[in-house]
Amino acid sequence: MHPVRITSDDNRECCFNLIPINYTMESLIKFVQDEFVTKKEFPKFSSGDTITVYYEIKEGEKTRTQFFKGVVIQRRGSGSTETFTIRKMSGTVGVERIFPVNLPALQKIEVNKRGKVRRSRIYYFRELTGKKARIKEIRG
Numbered sequence: 001m002h003p004v005r006i007t008s009d010d011n012r013e014c015c016f017n018l019i020p021i022n023y024t025m026e027s028l029i030k031f032v033q034d035e036f037v038t039k040k041e042f043p044k045f046s047s048g049d050t051i052t053v054y055y056e057i058k059e060g061e062k063t064r065t066q067f068f069k070g071v072v073i074q075r076r077g078s079g080s081t082e083t084f085t086i087r088k089m090s091g092t093v094g095v096e097r098i099f100p101v102n103l104p105a106l107q108k109i110e111v112n113k114r115g116k117v118r119r120s121r122i123y124y125f126r127e128l129t130g131k132k133a134r135i136k137e138i139r140g
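Residues 1 to 140, numbered by the UniProt record's numbering, are exactly what the sequence shown covers, in order.
This is how it looks when you write it as structure tokens:
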């Protein structure tokens, strides 16, 4: 494995100057994400869980913390591109929001209930209303 020196157009050296040649583009992106993207520690959660996400909102010069509580519909991606979708009912209207896991504005995630579902992406949950829209809770 021979190291290669990466330079820009005007021959200035890049911050990662020794990268092995046999890296593919995907593994190069993964290497950079693992080295330079800071990871926050959040509790483990999956589809069907009811969670509360606290995130920071900037309004002009002020910042405030807002929360979004709902059921996790899906988790998608891996590494720094991982996202999760949460659905909640606001009155009679269903509201979904997609959060990247490494969003700097995310402050904390609380798992309120663990749900028992058979699928990893519960899109069928969108059409359910009333008692059908309940997810069985895992206790313990």
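For each residue, glycine too, the CB sits at the ideal point set by N, CA and C.
Minimum C-alpha distance to ARG119 - residue among ARG75, ILE57, THR92 and ILE98: ARG75
Supposed contact pair GLY91 and ARG126 - C-beta distance, whole angstroms, cut 8 Å: 16 Å between Cβ atoms; not a contact.
Per-residue burial, PHE67 [other beta carbons within 10 Å of its own, 16 or more giving buried]: exposed
GLU41 (DSSP reduced to helix, strand or coil): coil
Extent of the continuous beta strand (DSSP E) run through PHE62: For clarity, residue 62 is Lys in the given sequence; the question names Phe instead. First-last of the beta strand (DSSP E) with LYS62: 62-76.
CB contact flag (ARG97, VAL71, <8 Å): no
Contact the segment 107-124 vs the segment 24-39: 3+ CB pairs below 8 Å: no
Local Cβ density within 10 Å of GLY79, reported as buried at 16 or more and exposed below that: exposed
C-beta contact flag for PRO43 and VAL101 at 8 Å: no
Limits of the beta strand (DSSP E) - the one that SER80 falls within: It is not in any beta strand (DSSP E) - SER80 carries neither H nor E in the DSSP assignment.
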